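A.B. asks: For the sequence shown, this note's numbering gives the first residue as 3, with consecutive numbering after it.
Just so it is clear, CB atoms sit at the ideal spot from N, CA and C, and this is done for glycine as well.
Treat the numbers as computed from the prediction; the structure is a model and nothing was measured.
Let me give you the structure first, and then I'll get to my questions.
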Amino acid sequence: VLQFLIGVIPAAELFVAAQVIDELATLLGTGVWSEKLFFLILIGLCLLGLQRIVFSFNDYLTEYLRSFLHLAVNDRIHRMVLRLDLPTLERASVHTLITYLKDQSWRPMQMVYSVFQTFGNVVASVSYVILAATFSPIFTVLFLAAVLPSLIVSVWAVYFGSKVAWGKASLMKQVWYFESLFRYRRSLIELMIHNVGAYFADRYKTLFGDVIHREMEIEKKRLGASAFTNLGAFAVYAIVYIQIIRSVLVGASTIGQFTLYVGAFVNLERFLVSQVWQLAMLLEHTKYLDSFRELEEIIPTIKDTAEARELESIELIECKDVTYTYPHAETPALSKVSFTLHEGERVALVGENGAGKSTLVKLLLRLYEPTRGSIFINGRDYREYQLVSLRKQMGVTFQDFLELSLSVKENIGVGELSSLDDQAAIEQAAMRSGIHERVMALPKKYQTILGHEFNEEGIELSGGEWQKIALARSLIKDASLLILDEPTAALDARSEFRFFQELFRRAKKQTLLVISHRFSSVRIADRILVFKDGRLIEEGSHDTLMKQLGLYEELFSLQTKEIH
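The following block contains the structure:
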């Protein structure tokens, strides 16, 4: 309704203004206000007032739609990303697609706005066509034909613009990465101590400058082509303008009609060009929707089957000849790994970097699936269980855990959303991770905000304290299996040993699977699995492995000498 009024009111105002001019011409020098003049001025002022009200409401609704549609689009992108699996997300083409959709998430709103504005332009164009045709139908048709080249140029610009937008997405990934280096405390410290801030600022400036350069190249071509095509419309307008003046001079038209006809052709050209541009933009926006649908249609390879059942607890895990090779890799990250993990066991995975320990953890979580071999839980292939219930039974703390700029309570509670408001459960998890006493010493205890990302009064924890927060986040799930991937990398060797002693003591009936580079800290585990180059080469208790005089004994002895 608003767009209809926006389209029709200017033409009505122009018509009324022409009538006022003609009425003024007849009353010139008399000083008399005729009833017709008074009536025309009243109508003109009413139209002007209505136009202001319509524009105000239009601005409000446009902002309302823009904000909530932008929110809806980004929310939908987030949820589409969450349903994908890790192998899919690690594909460069998928990551570029997501970057493009996020970078161009304003397009759906512009598409809706263009539809509305197109309707208003059509109404306005029809109004001015009617007014222009009262002077000359032939010139009106000629004028419409002169605008056609603008449509061709606009479509051409859209075609090249869409190619730039897609190419820009790959560059924007790098732009955002370099921009993030100047946002987070951890990266800023690195920039300062190595004095490389200016280097990365230059990299950011160069990349973003390349993005802008690509966009402006298209704008230059569009400007040149538009200037050329607009010459045709200008030539027709010049002829029409001269004909209208001639009509007035010979007495065929009044001064008011001169204003009406000139205004009709001027505004007709303006609205037609705007209409052509809006149609071209609609075409460009539909390409965004194509990419949006492309993301929707991506089917994750790791997903539940129709017959998937719920996993209520983990009593036994069996890995049989498990092999996994990363895409495009020549050698497997894991090769023919077989072992069992019983309920309540404390098992440690040890080995040098790149031995395949973290890859095994991701396979157990079904973030990846074995290239060959099988993993069984409670005697069933673990792919028979629902992903949500499988991961619910596994509490995991990775080495690169999240440091959330939220309260301590939220930092721990998000590990199990059902316990987010359960203060007792949160405190119990904190006690088990060893962070409770530190939290109680904070200004607002569990309500204390951590980090300075959103709050200047936030408290910054040490690396070891953050690890304990992350561990508490896993412990609150009270899962059947607790997996700790280098959970104490920020602690010294002796503190780590005490940590594991306390963890094992408080683990209740949970099965523990711990990854650590420090062999001395996990010697109290029931069983130790030693990995090298993706293979399980040794297995047994600390004492058993020491007697075998293999890799474990060698590395344990080396680390023990380093400690002393």
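Considering just the uninterrupted stretch of the alpha helix (DSSP H) at Phe267, what are its terminal residues?
C.D. replies: Within the sequence shown, residue 267 is the residue found at index 265, counting from 1. It spans 257-299 - the alpha helix (DSSP H) in which Phe267 sits, taken as one unbroken run.
A.B. asks: Going by DSSP in three states, Ser559 sits in which element: helix, strand or coil?
C.D. replies: Position 557 of the sequence shown, counting from 1, holds the residue named residue 559. Of the three classes helix, strand and coil, the one that applies to Ser559 here is helix, per DSSP.
A.B. asks: Would you mind giving the Cβ-Cβ distance between Leu86 and Pro302, rounded to the nearest angstrom? I have them listed as a contact below 8 angstroms.
C.D. replies: One-based indexing of the sequence shown puts residue 86 at position 84. One-based indexing of the sequence shown puts residue 302 at position 300. Contact holds; Cβ gap of about 5 angstroms.
A.B. asks: Thinking C-alpha only, which one of Leu422, Thr136, Leu150 is nearest Ala282?
C.D. replies: By 1-based counting over the sequence shown, the position of residue 282 is 280. Among Leu422, Thr136, Leu150, the Cα nearest to that of Ala282 belongs to Leu150.
A.B. asks: Using a Cβ-Cβ cut-off of 7 angstroms (strictly less than) and excluding sequence neighbours within five positions of Ser293, which residues of its own chain qualify?
C.D. replies: The residue labelled residue 293 in the question sits at position 291 within the sequence shown. Counting only Cβ-Cβ distances below 7 angstroms, and skipping sequence neighbours, we find Leu99, Tyr102, Leu103.
A.B. asks: For Phe180 and His196, what's the separation of their Cα atoms in angstroms?
C.D. replies: Position 178 of the sequence shown, counted from the start, is the residue given in the question as residue 180. Position 194 of the sequence shown, counted from the start, is the residue given in the question as residue 196. Roughly 16 angstroms separates the two Cα atoms.
A.B. asks: Would Ile517 pass as a contact of Leu408 if the rule is Cβ separation under 7 angstroms?
C.D. replies: Against the sequence shown, residue 517 aligns to sequence position 515. Against the sequence shown, residue 408 aligns to sequence position 406. Taking 7 angstroms as the Cβ cut-off, Ile517 and Leu408 do not qualify as a contacting pair.
A.B. asks: Mind checking whether Glu418 and Lys479 have CB atoms under 7 angstroms apart?
C.D. replies: Start at 1 with the first residue of the sequence shown, and residue 418 comes out as number 416. Start at 1 with the first residue of the sequence shown, and residue 479 comes out as number 477. Result yes, Cβ atoms of Glu418 and Lys479 sit closer than 7 angstroms.
A.B. asks: Hey, would you say the C-beta of Arg54 is under 6 angstroms away from at least one heavy atom of the ligand COA?
C.D. replies: Within the structure as shown, the ligand COA is missing, as the structure has no ligands at all.
A.B. asks: Are there 16 or more other CB atoms within 10 angstroms of the CB of Met111, so buried, or fewer, so exposed?
C.D. replies: For this step, residue 111 is matched to residue 109 along the sequence shown. So Met111 ends up on the buried side.
A.B. asks: Using 10 angstroms around the beta-carbon of Gly397, count the other beta-carbons present and answer buried if the total reaches 16, otherwise exposed.
C.D. replies: Within the sequence shown, the letter at position 395 stands for residue 397. Buried.
A.B. asks: Return yes when the Cβ of Leu16 is within less than 7 angstroms of the Cβ of Val56, no when it is not.
C.D. replies: Taking the sequence shown and counting its residues from 1, one reaches residue 56 at position 54. Taking the sequence shown and counting its residues from 1, one reaches residue 16 at position 14. No, the Cβ-Cβ distance between Val56 and Leu16 is not below 7 angstroms.
A.B. asks: Quick check on this structure: which residue in Ala134, Trp468, Arg393, Asn380 has the alpha carbon closest to the alpha carbon of Gln245?
C.D. replies: Along the sequence shown, one-based indexing puts residue 245 at 243. The shortest C-alpha separation from Gln245 is found at Ala134.
A.B. asks: Taking Met442 as the reference, which of His454, Gly453, Ile428 has the closest Cα?
C.D. replies: Here residue 442 refers to the residue found at position 440 when the sequence shown is read from its first residue. Among His454, Gly453, Ile428, the Cα nearest to that of Met442 is on Ile428.
A.B. asks: For my contact list, Tyr326 and Leu336 are in at a C-beta cut-off of 8 angstroms; report their separation, rounded to the angstrom.
C.D. replies: Against the sequence shown, residue 326 aligns to sequence position 324. Against the sequence shown, residue 336 aligns to sequence position 334. Rounded, the Cβ-Cβ distance is 5 angstroms, consistent with contact.
A.B. asks: What is the DSSP secondary structure of Thr333, counted as helix, strand or coil?
C.D. replies: Along the sequence shown, one-based indexing puts residue 333 at 331. Thr333: coil per DSSP, three-state reduction.
A.B. asks: Are the Cβ atoms of Phe521 and Gln561 separated by less than 7 angstroms?
C.D. replies: Translated into positions along the sequence shown, residue 521 becomes position 519. Translated into positions along the sequence shown, residue 561 becomes position 559. Yes, these two residues count as a Cβ contact at 7 angstroms.
A.B. asks: Should the stretch 342-360 be called in touch with the stretch 305-322, which here means at least 3 C-beta pairs below 8 angstroms?
C.D. replies: Output reads yes: the stretch 305-322 touches the stretch 342-360.
A.B. asks: When you compare only the Cα positions, how much space is there between Leu291 and Glu92?
C.D. replies: For the purposes of this step, residue 291 is taken as residue 289 along the sequence shown, with counting starting at 1. For the purposes of this step, residue 92 is taken as residue 90 along the sequence shown, with counting starting at 1. If I take the Cα positions, the gap works out to 23 angstroms.
A.B. asks: For Gln503, does the count of other Cβ atoms within 10 angstroms reach 16, so buried, or fall short, so exposed?
C.D. replies: As a first step, residue 503 is located in the sequence shown; it is residue number 501 there, counting from the start. Looking at its Cβ environment, which holds fewer than 16 other Cβ atoms inside 10 Å, Gln503 is exposed.
A.B. asks: Under 7 angstroms between the Cβ atoms of Ala357 and Phe533?
C.D. replies: As a working mapping, residue 357 is identified with position 355 in the sequence shown. As a working mapping, residue 533 is identified with position 531 in the sequence shown. Going by C-beta atoms, Ala357 is nearer than 7 angstroms to Phe533.
A.B. asks: On a Cα-Cα basis, can you pick out the residue from Asp535, Asp24, Asp545 that is closest to Glu354?
C.D. replies: For the purposes of this step, residue 354 is taken as the residue at position 352 of the sequence shown. Of the candidates Asp535, Asp24, Asp545, the one whose C-alpha sits nearest the C-alpha of Glu354 is Asp535.
A.B. asks: Would Leu531 and Glu541 qualify as a contact pair, given that the criterion is a beta-carbon distance under 7 angstroms?
C.D. replies: Within the sequence shown, the letter at position 529 stands for residue 531. Within the sequence shown, the letter at position 539 stands for residue 541. Yes, Cβ-Cβ distance for Leu531 and Glu541 is below 7 angstroms.
A.B. asks: If Asp487 sits next to Val363, beta carbons under 8 angstroms apart, how far is it from one beta carbon to the other, in whole angstroms?
C.D. replies: By 1-based counting over the sequence shown, the position of residue 487 is 485. By 1-based counting over the sequence shown, the position of residue 363 is 361. Going by Cβ atoms, the distance from Asp487 to Val363 rounds to 6 angstroms, so yes, they are a contact pair.
A.B. asks: Can you give the Cα-Cα distance for Arg311 and Leu88, rounded to whole angstroms?
C.D. replies: Along the sequence shown, read from residue 1 onward, the residue named residue 311 stands at position 309. Along the sequence shown, read from residue 1 onward, the residue named residue 88 stands at position 86. Using only the alpha carbons, I get a separation of about 22 angstroms.
A.B. asks: On the three-state DSSP scale, how would you describe Asp402?
C.D. replies: As a working note, residue 402 is residue 400 in the sequence shown. If DSSP states are grouped into helix, strand and coil, Asp402 belongs with coil.
A.B. asks: Closer than 8 angstroms by C-beta to Thr307: which residues in its own chain qualify, once you throw out the five before and the five after it? Chain order, please.
C.D. replies: Taking the sequence shown and counting its residues from 1, the one referred to as residue 307 is at position 305. Contacts found: Arg385, Glu386.
A.B. asks: With DSSP as the reference, label Thr136 as helix, strand or coil.
C.D. replies: Your numbering for residue 136 matches position 134 in the sequence shown. Coil.
A.B. asks: Return the residue from the list Gln277, Arg475, Gln176 that minimises the CA-CA distance to Ser421.
C.D. replies: One-based indexing of the sequence shown puts residue 421 at position 419. Among Gln277, Arg475, Gln176, the Cα nearest to that of Ser421 is on Arg475.
A.B. asks: Contact between the stretch 63-70 and the stretch 27-45: three or more CB pairs below 8 angstroms?
C.D. replies: No: the two stretches stay apart, fewer than three of their Cβ pairs being nearer than 8 angstroms.
A.B. asks: Closest to Leu274 by C-alpha separation, out of Ser127, Ala254, Val238, would be which residue?
C.D. replies: Numbered from its first residue, the sequence shown carries residue 274 at position 272. The residue with the shortest Cα to Cα distance from Leu274 is Ser127.
A.B. asks: Sort Ser107, Glu298, Val131 by Cα distance to Met82 and report the nearest one.
C.D. replies: Here the question's residue 82 lines up with position 80 in the sequence shown. Nearest option by C-alpha distance: Glu298.
A.B. asks: Please list the terminal residues of the continuous beta strand (DSSP E) segment that includes Val532.
C.D. replies: Counted from its first residue, the sequence shown places residue 532 at position 530. That run of the beta strand (DSSP E) goes 529-534.
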